[in-house]
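In the working numbering, the protein residues as written are 376 to 609.
A quick write-up on the structure given underneath.
As structure tokens, then:
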């Protein structure tokens with residue numbers, strides 16, 4: 376597969392690789408490319424550590440948006456791109472964010488921490504596709520599947536429950552059975568997530584072409600978010 380990459384993102388990747396590191400476009404942009412959709416948000420992941428990135432891009436405008444967790448935003452050729460060191464997440468202490476992270480040199484370990492297989496695909500212009508968890512297969516089958524144990528994924532970050540049904544609505548995918556069961560089991564954890572963050576996912580879900588069928592199938596999630604709708608049917 377050959378993927379369109381904006382000039383700014385391409386220059387960042389070239390500079391990272393010229394410094395002896397590996398770098399990939401990762402996440403939604405790769406998923407969209409596999410689906411033949413045009414992406415508008417390109418995130419980059421790399422083996423370079425944060426201090427090295429700050430030095431490497433010192434001639435460009437940068438913002439330390441999450442440097443503790445390895446993320447530096449780099450402004451290049453009119454665009455801005457989050458560049459994040461490959462990492463392994465530690466314990467999640469608020470059902471949303473890891474308390475600490477450790478950095479790794481392996482892209483596969485970074486992809487292992489991500490939410491769903493369709494978002495755990497990386498692409499490099501020089502190395503090609505990295506898809507260790509079957510994301511391309513699940514895109515072909517139109518399935519949302521958690522990476523690893525779905526109960527663990529939702530216990531780490533309960534907002535992933537909303538993201539799962541949002542992707543099902545927007546992408547018109549079904550949710551894999553183990554992932555679906557884990558949504559029901561871990562649904563109470565969603566109470567730990569701010570209403571603002573839930574509302575962002577809710578609005579995106581409602582914009583999906585499959586919103587009606589998804590809301591019907593996951594009525595328990597709807598009632599958890601809006602208890603006043605208990606007893607109503609769609």
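We put the CB at the ideal spot given by N, CA and C, even for glycine.
None of these values were measured; they are calculated from a predicted model.
Tell me which same chain residues have a C-beta within less than 8 Å of the C-beta of residue i, skipping the five on either side of it?
i, result
"residue 482", "397, 399, 420, 422, 461, 497 and 505"
"residue 407", "413 and 414"
"residue 376", "408, 409, 498, 503 and 504"
"residue 468", "474"
CB-CB under 6 Å to residue i, same chain, minus the five flanking residues each way: which ones, in chain order?
i, result
"residue 522", "489, 492, 495 and 508"
"residue 437", "447 and 449"
"residue 583", "544 and 545"
"residue 480", "422"
"residue 470", "533, 564 and 567"
"residue 402", "418 and 494"
"residue 320", "This structure cannot speak to residue 320, because the chain is shown only from 376 to 609."
"residue 382", "452"
Please determine, among the options, the residue with the shortest C-alpha to C-alpha distance to residue i.
i, options, result
"residue 428", "417, 441 and 551", "441"
"residue 378", "569, 513 and 501", "501"
"residue 546", "571, 515, 484 and 558", "515"
"residue 466", "381, 409 and 477", "477"
"residue 574", "558, 601 and 559", "601"
"residue 473", "443, 454 and 451", "443"
"residue 535", "426, 558, 418 and 393", "558"
"residue 613", "417, 390, 452 and 405", "Residue 613 lies beyond the stretch modelled for the chain, which goes from 376 to 609, so this question has no answer here."
"residue 595", "605, 588, 587 and 586", "605"
"residue 425", "445, 395, 416 and 417", "445"
"residue 560", "585, 530, 454 and 587", "530"
"residue 541", "571, 453, 562 and 589", "589"
"residue 592", "576, 578 and 550", "550"
"residue 511", "380, 388 and 411", "411"
"residue 453", "439, 435 and 468", "435"
"residue 598", "464, 552, 382 and 537", "537"
So what's residue i in DSSP terms, helix, strand or just coil?
i, result
"residue 462", "strand"
"residue 548", "coil"
"residue 449", "strand"
"residue 513", "helix"
"residue 507", "coil"
"residue 595", "helix"
"residue 574", "helix"
"residue 495", "coil"
"residue 529", "helix"
"residue 518", "strand"
"residue 470", "coil"
"residue 603", "helix"
"residue 475", "coil"
Report back the beta-carbon spacing between residue i and residue j to the nearest angstrom; my notes put them in contact at under 8 Å.
i, j, result
"residue 568", "residue 539", "13 Å between Cβ atoms; not a contact."
"residue 528", "residue 548", "Going by Cβ atoms, the distance from residue 528 to residue 548 rounds to 16 Å, so no, they are not a contact pair."
"residue 456", "residue 404", "Wrong, their Cβ atoms sit about 10 Å apart, outside the cutoff."
"residue 610", "residue 451", "Residue 610 falls outside the range modelled here, since the chain spans only 376 to 609, and no answer is possible."
Within a Cβ cutoff of 7 Å, which residues of the same chain sit near residue i, ignoring the five residues on either side of it in sequence?
i, result
"residue 554", "519, 520, 521, 525 and 539"
"residue 485", "420, 461, 462 and 479"
"residue 416", "403 and 404"
"residue 513", "492, 493 and 520"
At a Cβ threshold of 8 Å, is residue i touching chain C?
i, result
"residue 482", "In summary, chain C is missing from the structure at hand, where a single protein chain is found."
Scan the region 376 to 448 and note each continuous beta strand (DSSP E) run of 3 residues or more that stays entirely inside, going in chain order.
Whole beta strand (DSSP E) segments, 3+ residues: 398 to 401, 418 to 421 and 437 to 441.
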